[in-house]
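In this note's numbering, each number is its position in the sequence shown, counted from 1, plus 2.
All residues carry an ideal CB built from backbone N, CA and C; glycine is no exception.
Treat the numbers as computed from the prediction; the structure is a model and nothing was measured.
Shown next, in structure tokens, is the structure this report addresses.
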Amino acid sequence: MRLCTICRLPVRRALTQARYLSTETPPPAEILAKPTWSVRSLLSSPSNDTAKDEKITPKQLHHLLKLSALPLPKTPEEEHSMIATLQSQLHFVRAVQRVDTKGVEPLHAIRDETDQGTQEETITLDKMKGLLEEEVQVGYYKRPKRVKAKVESEAEDWDALATASRKKGRFFVVQGKGKKAGEAA
Numbered sequence: 003m004r005l006c007t008i009c010r011l012p013v014r015r016a017l018t019q020a021r022y023l024s025t026e027t028p029p030p031a032e033i034l035a036k037p038t039w040s041v042r043s044l045l046s047s048p049s050n051d052t053a054k055d056e057k058i059t060p061k062q063l064h065h066l067l068k069l070s071a072l073p074l075p076k077t078p079e080e081e082h083s084m085i086a087t088l089q090s091q092l093h094f095v096r097a098v099q100r101v102d103t104k105g106v107e108p109l110h111a112i113r114d115e116t117d118q119g120t121q122e123e124t125i126t127l128d129k130m131k132g133l134l135e136e137e138v139q140v141g142y143y144k145r146p147k148r149v150k151a152k153v154e155s156e157a158e159d160w161d162a163l164a165t166a167s168r169k170k171g172r173f174f175v176v177q178g179k180g181k182k183a184g185e186a187a
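As structure tokens, then:
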């Protein structure tokens, strides 16, 4: 199981602090033998469900469901289940918001910034070779111009009107709002 960046942060901080506090590095098995943090701390337990967070009322739930264009619960049990789920999600979001992000540079984009990922995304002459071979030199100053290739595909040969219920020549016939079927103009 892989942890997300937010979940790895407390573990990384604990390991970094331990590294600075001790002069000798303990073996990894010893570090992993004592858990310093648990994912369970992000999940709300039934005992402290409403103790720390404000209680969500059925009125608030109905308002959120209407804003989201979702159907209202049909039974009180379903409503209670939705409130419990929403309460659990709010508890998780608040735990994520409490994470100390001092010194963490914000992401500008989600991408693979490892050396291998950067190498895969780098445009090299070898990757461009095929495109460069499709160009011809034009004019006195030998400007490169790409030669347009003829695309042969079955997509251009299909009959767009084959599924139309009504057509006139090469056009679709659409029923207008003002006139009903069978009325003369």
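Distance between beta carbons of residue j and residue i, contact taken as under 8 Å
i, j, result
"residue 148", "residue 136", "6 Å"
"residue 95", "residue 8", "With a Cβ gap of about 11 Å, residue 95 and residue 8 do not count as contacting."
"residue 81", "residue 63", "7 Å"
"residue 89", "residue 58", "6 Å"
Buried or exposed (CB count within 10 angstroms, at least 16 for buried), residue i
i, result
"residue 93", "buried"
"residue 130", "exposed"
"residue 85", "buried"
"residue 53", "In this prediction, residue 53 has a pLDDT of 49, which is less than 50 and means its spatial position is unreliable; nothing more can be read from the coordinates."
Boundaries (first-last residue) of the alpha helix (DSSP H) holding residue i
i, result
"residue 177", "Counting along the chain, residue 177 falls outside any alpha helix (DSSP H), and DSSP gives it neither H nor E."
"residue 32", "30–35"
"residue 126", "Counting along the chain, residue 126 falls outside any alpha helix (DSSP H), and DSSP gives it neither H nor E."
"residue 82", "78–99"
"residue 61", "60–69"
First and last residue of the uninterrupted beta strand (DSSP E) at residue i
i, result
"residue 122", "Careful: residue 122 lies outside any beta strand (DSSP E), inside the alpha helix (DSSP H) at 117–123."
Contact test: residue i Cβ vs the ligand ZN heavy atom, cutoff 7 Å
i, result
"residue 32", "The ligand ZN is not part of this structure, which contains no ligands at all."
Residues bridged to residue i (per DSSP)
i, result
"residue 146", "139"
"residue 169", "174"
Close beta carbons around residue i, own chain, < 8 Å, minus the five adjacent residues each side
i, result
"residue 60", "81 and 85"
"residue 45", "90, 93 and 94"
Same chain only: Cβ atoms within 7 Å of residue i, ignoring 5 sequence neighbours per side
i, result
"residue 169", "163 and 175"
"residue 12", "39"
"residue 74", "64 and 67"
"residue 118", "none"
Close beta carbons around residue i, own chain, < 6 Å, minus the five adjacent residues each side
i, result
"residue 15", "none"
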